[in-house]
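In the numbering used here, the protein residues as written are 63 to 258.
Right, here's the structure in full:
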């Protein structure tokens, strides 16, 4: 997604949340947030992510992979923390868009139109933060951050219709909403990208 010289932001500090790289040091906070949000996790992952019987040890394995991907600049996972840094509010993922589109069977015309420095952005917020207005704050701040501080040509947000707070927050921004027909991924994703 990025060449070796591109500077990647270390995090995002906002008065209502902090986005910090997800590491084994924050895994326990991430796990607590994840387990407190079964309906959110099912909606966000379309039922693909485990909830029942999912342990901290299971989470640590995933976090270790996310941390390695982040450190090796393959993909970037951030834990969203409360300003106190004592509670996780959710997670943010900045992944290579072209790689996802290739896996999902996008046609050559679409792949050729997508610059290499393009990101697929997804996020979830813990269950007790739904309908609190936090999604609006996160979406606006993250979109601005990606536009101004990341070495990206473009980015897109991806959500599923059942992620209602996230959809409402994205609908309120000046973003173009679209659907993509991808033979390798038939989920009804909604895509949002900056208008300019």
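Heads up, the beta-carbon is just placed ideally off N, CA and C, and yes, glycines get one too.
Paired residues, beta bridge with residue i - DSSP
i, result
"residue 256", "237"
"residue 153", "141, 186"
"residue 74", "81"
"residue 158", "181"
"residue 217", "181"
C-beta atoms of residue i and residue j nearer than 8 Å
i, j, result
"residue 155", "residue 126", "no"
"residue 142", "residue 81", "yes"
"residue 71", "residue 132", "no"
"residue 250", "residue 68", "no"
"residue 204", "residue 78", "no"
"residue 228", "residue 218", "no"
"residue 95", "residue 151", "yes"
"residue 190", "residue 98", "yes"
"residue 188", "residue 102", "yes"
"residue 144", "residue 122", "no"
"residue 160", "residue 173", "yes"
The alpha helix (DSSP H) enclosing residue i, as first and last residue numbers
i, result
"residue 202", "196-210"
"residue 224", "From DSSP, residue 224 is part of no alpha helix (DSSP H); its letter is neither H nor E."
"residue 171", "170-175"
Distance between beta carbons of residue j and residue i, contact taken as under 8 Å
i, j, result
"residue 153", "residue 138", "That pair is no contact at about 11 Å."
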